[in-house]
Each structure stands twice: as structure tokens, then as C-alpha cells.
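S.K.: My structure is below; once you've seen it, I'll send some questions.
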Amino acid sequence: MNDQNNMPKRSSASRLVVSPSPHLHDRTSIPMVMWNVVLALVPALVAAVYFWGFRALWLTLAGAMAAVITEGLIQKFRKVPITIADGSAFLTGLLLSYNIHAGAPFWLPVVGAVFAIAVGKQVFGGLGRNPVNPALLGRVFLLASWPTLMTSGWQTTKQAIQGTLSGINPAMVTNITDKAKDLITSSTPLGVAKALRDSTTVQSLISDAGGDTELPLRIFNGLFDFSTLRSVFLGNIGGCIGEVSALALLLGAAYLVYKNIIEWRIPLFYIGTVFGLSFLFGGIAGSGYSILLPFFHIFAGGLLLGAFFMATDYTTSPITKAGRIYYAIGCGVLTIVIRLVGGYPEGVSYSILLMNVATPLIDKFTMPKAFGRVKK
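When you read off a place in the sequence shown, starting at 1, and then add 670, the result is the number in the numbering used here.
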């Protein structure tokens, strides 16, 4: 007893603390992550406003605010803490609006945002419990409910940009029919490529051109060249609000990588898979192929938006490093299958949603064995 009394007493600073994991902490928080992603998406919104005017901004804000209000009302009804300040609902509404074109009616992003928050997030218990990306679920809901509004009227708000025709060889444009011009100006490049793979569309173009069997090939070769690719990269092309400028999306993605908010495996393997498969299997019948076609599959459509800002969602993507690679490759394969074989020219939303559902299974089979555990 006396020996214990004579022992030097430890200061509170030198005591060992036993606690459950995690043992390593940093200053990362949910609001910090969410608002940094919102900041990274600002360049894409600036590009959309530049090309289509302030209507793109009002549509985006309508969707974002609808998401915030919906989340607040549902949390109040559930009598749980209201967390709209963390930015997650605002980000969901922002991403949902980015998947809508600037000519859409104002109620469309509002309805999509309400569905995304209510059905895609809050019905499962809120942030961190949703099995799929809410913004993508909202987009798919809108596409299934109002397909015409979601896929037509790409450039009704600002015709100063001459549309897809501005990137095509003028000599080729003068030699094609009005029906072919309508096809080109009413679709994105991926939509044109999809149409030129459809035998019914091809035969209709040939018949309208008086039996000119070379017409589809001329359209393809005239569209998928360097001038059109430059327009796609910068944003001078038809498309959705947040997908319009590949350059703006890459700037935002670089910021997220720099801030260590997203991990490189998912975007790299997703984009790499799409590039490789489009290189091998792209093109149309009649030897229609362009070496630039894989770059169109990357820069046109929603691949960059999906790969950097949606597929990397913490809640719905695998937690293991190997799992992220398999997940990303699966997204890439499904995207190309839908784009080349399926009924839609775009497959990013569906591919990510399907792989979101597969995430728990991927984690199960890629989880590393605990040290010292013996397999039964």
C-alpha cells in the first residue's frame, strides 16, 4: 500500500485512452465535402449560363432549392434533426438539374428533386443510408415519366450558337437532305451516332436522299472530326446543363482530386473502360469509323459528370480499393452496352445505378481478410 502511494503519479496528458475505432481523425466533415463538390460544379454552371443564358441558372437553382425544402419538410415531419445546412440536399438537387437540358420547363427539375430526396434518400433514413445515388434515381424517374421533355428541345433557349452544324464540314452540310440536317441539329453527337447504327433510320435517310447509300457515311465522317470534337470539349454543342462543357467539368474534377475528396480509381477505370470499348466496337455499318470516336464517348454526354461527381459518391460506391476498380469497370461496360446496343444514346445514369445496387456484393467479395483469421 505504501509502495503504491510512493509511486510517481502520471499526468493526465500521459495516460493511455482505450476507445473503439476509428483511432485516426482529421478535420473532414460532411458539410466540407458537400460544399466543396458544389464549388467544383460551379465552372460547369458558368459554362451553361454562357452558352444558354440565365435560364440554365434558374433551372438549376429551382432543382437545388426544391431538394433543400423537401429534405427540411420531411425531416421536420419525421421529428429528426434538420440537416439541410450540410449541403447534401443542395448537391442532390444541383446534380439532378445538371442532367436536364436548358429548354426544359421549370417544374421538371422541381419534380425530379422532390422525388430524388423523398424516394431516393429520406425513405431509407437519410444521408448515408441510401442504396443508390438519389440524383440519378431522380433523373431516371423523369426520363421514364416524361421522355419527350427530357430528350428534345436541346437548344431552344439560345440559338446564337449554331448548334451541332457549326462543327461540321460546311461542304458536307450542303450535300445532305433536310431530314439529315434535322437529325444532326436535334441530337447530341452520341444521339447521331446511335441513330446511324439503327437500320430503320439509315434506310429512311437513304430513301429521302434518292437512294444515296453514301449519305450516312458522309454524315458520320463529317460529324466526328476535330472541329466537332473541339466544340464538344468546350461546350458549343447540344446537351444537358451540367454536361455541356467537358473542359469545365475537368476543372472541377481536378479541384476535387487536389482536395483529396474523390479517389482516382473510379474515374480512371470508368473512363478508361469506356475509351477502350468504344475504340474496339464503335463506328457504324459501311466502314464508318473515326479514330476520334472514343474521345466523343468521353467528352460528349454525361460520362465526365457521372465518373467524377456521381460514381464516386461515398455512400453508394465500394469501400475497398479492388472493389472500386471492379465497380468502375462494370460502370464502363454497362455504359457502352447501353450506348451501342440499348435503346438510349446515353447509358451513364443506368450503369451507375445498377452498379450501386451491386456495391454491397462487391464489398463482400473484395474485403481483405482480417489479420490472424483462419478460414474455416
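Backbone N, C-alpha and C fix where the C-beta goes; we use that ideal spot for every residue, glycine too. All figures in this text were calculated on a predicted structure; none of them were measured in a lab.
At 4 residues or longer, what runs of the alpha helix (DSSP H) sit wholly inside the region 960–1012?
M.R.: 963–969, 973–979, 991–1010
S.K.: With 16 as the cutoff for other CB atoms within 10 Å, does Thr740 come out buried or exposed?
M.R.: Start at 1 with the first residue of the sequence shown, and residue 740 comes out as number 70. Answer is buried; the Cβ neighbour count reaches 16.
S.K.: Rounded to whole angstroms, what is the Cα-Cα separation between Asp1033 and Ser987?
M.R.: As a first step, residue 1033 must be located in the sequence shown, where it is residue number 363. As a first step, residue 987 must be located in the sequence shown, where it is residue number 317. Between Asp1033 and Ser987, the C-alpha separation is close to 9 Å.
S.K.: Taking contact to mean at least 3 C-beta pairs separated by less than 8 Å, is the region 763–772 in contact with the region 724–740?
M.R.: Inter-segment contact for the region 763–772 and the region 724–740 is present: three or more beta-carbon pairs are separated by less than 8 Å.
S.K.: Just to confirm my understanding: we take Pro964, look at its own chain, exclude 5 residues before and 5 after, and list those with CB closer than 6 Å. What are they?
M.R.: Position 294 of the sequence shown, counting from 1, holds the residue named residue 964. Taken in chain order, the residues that qualify are Phe945, Ser948, Phe949.
S.K.: Between the region 741–756 and the region 770–777, do three or more beta carbon pairs fall short of 8 Å?
M.R.: no
S.K.: According to the Cβ coordinates, are Phe890 and Leu866 closer than 7 Å?
M.R.: As a first step, residue 890 must be located in the sequence shown, where it is residue number 220. As a first step, residue 866 must be located in the sequence shown, where it is residue number 196. Contact: yes.
S.K.: Rounding to the nearest angstrom, what Cα-Cα distance links Ala732 and Ala726 in this structure?
M.R.: Here residue 732 is taken as the residue at index 62 of the sequence shown, counted from 1. Here residue 726 is taken as the residue at index 56 of the sequence shown, counted from 1. Between Ala732 and Ala726, the C-alpha separation is close to 10 Å.
S.K.: Taking 7 Å as the cut-off, decide whether the C-beta atoms of Gly790 and Trp705 are in contact.
M.R.: Residue mapping note: residue 790 aligns to position 120 of the sequence shown, counting from 1. Residue mapping note: residue 705 aligns to position 35 of the sequence shown, counting from 1. Not in contact: Gly790 and Trp705 (Cβ atoms no closer than 7 Å).
S.K.: Leaving aside the five residues before and after Ala710 along the sequence, list all residues of the same chain whose C-beta is less than 6 Å from its C-beta, in chain order.
M.R.: The residue given as residue 710 occupies position 40 in the sequence shown. Only Gly922, Tyr925, Leu926 meet the Cβ criterion.
S.K.: Tyr768 lies in the alpha helix (DSSP H); which residues open and close that run?
M.R.: The count along the sequence shown starts at 1 and reaches residue 768 at position 98. 758–768 is the span of the alpha helix (DSSP H), which, as asked, contains Tyr768.
S.K.: Among residues of its own chain, excluding the 5 on either side of Met1037, which ones have a beta-carbon nearer than 7 Å to its beta-carbon?
M.R.: The residue you call residue 1037 lines up with position 367 of the sequence shown. Around Met1037: Thr990.
S.K.: Looking at Gly953: is its Cβ nearer than 7 Å to the Cβ of Val1018?
M.R.: Within the sequence shown, the letter at position 283 stands for residue 953. Within the sequence shown, the letter at position 348 stands for residue 1018. It is not a contact, given that the beta carbons lie outside the stated cut-off.
S.K.: Quick check on this structure: which residue in Gly905, Pro804, Leu893, Ala1040 has the alpha carbon closest to the alpha carbon of Ile1022?
M.R.: Within the sequence shown, numbered from 1, the residue matching residue 1022 stands at position 352. Taking only the C-alpha atoms, the option nearest Ile1022 is Pro804.
S.K.: Taking the continuous alpha helix (DSSP H) assigned at Gln873, which residues delimit it?
M.R.: Position 203 of the sequence shown, counting from 1, holds the residue named residue 873. Per DSSP, Gln873 belongs to the alpha helix (DSSP H) from 869–878.
S.K.: When burial is assigned at 16 or more other CB atoms within 10 Å of the CB, is Glu884 buried or exposed?
M.R.: Here the question's residue 884 lines up with position 214 in the sequence shown. Glu884 comes out exposed.
S.K.: To which residues of the same chain is Val780 closer than 6 Å at the C-beta, ignoring the five residues directly before and after it?
M.R.: In the sequence shown, residue 780 corresponds to position 110, counting from 1. Correct list, in chain order: Ala732, Ala736.
S.K.: Please state the DSSP three-state secondary structure of Pro804.
M.R.: Sequence index remark: in the sequence shown, residue 804 carries index 134 (1-based). Look at Pro804 here: in three-state DSSP terms it is helix.
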